[in-house]
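Structure follows, in structure tokens:
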């Protein structure tokens with residue numbers, strides 16, 4: 001059953017996932033890459049860009065930050081979110097990449 005809280009949570013997740021860079025960062029964190037410098041290097045992004053996106057993801061409650069000495073480690077905020085991201089990845093793999101989306105978005 002839908003509640004205002006669950007609707008708000010899904011809206012926040014949707015907004016976070018609407019940005020391709022944030023999706024790449026989330027998937028990289030799910031895959032085990034958890035430090036901003038490593039994320040920047042692995043994804044070919046600047047550290048400033050990664051930091052800005054991580055701040056958004058942290059603000060949305062999708063990732064947590066844990067200080068480890070002079071570094072900050074980022075993790076997916078819950079195992080359920082990690083499973084959901086994996087499941088969404090599988091769903092996108094079965095969509096037809098040549099089929100046009102009714103909303104006009106590009107895939």
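Residue numbers (UniProt numbering): 1 to 107.
Beta carbons: idealized from backbone N, C-alpha and C, even for Gly.
Since the model is a prediction, treat every value here as computed from it, not as a measurement.
- Rounded to whole angstroms, the gap between the alpha carbons of residue 86 and residue 69 is 30 angstroms.
- Beta-bridge partners of residue 71 (DSSP): 68.
- The bridge partners DSSP lists for residue 76 are 63.
- If you compare the alpha carbons of 46, 103, 81 and 2 with that of residue 61, the shortest gap goes to 81.
- The beta carbons of residue 22 and residue 28 sit no closer together than 8 angstroms.
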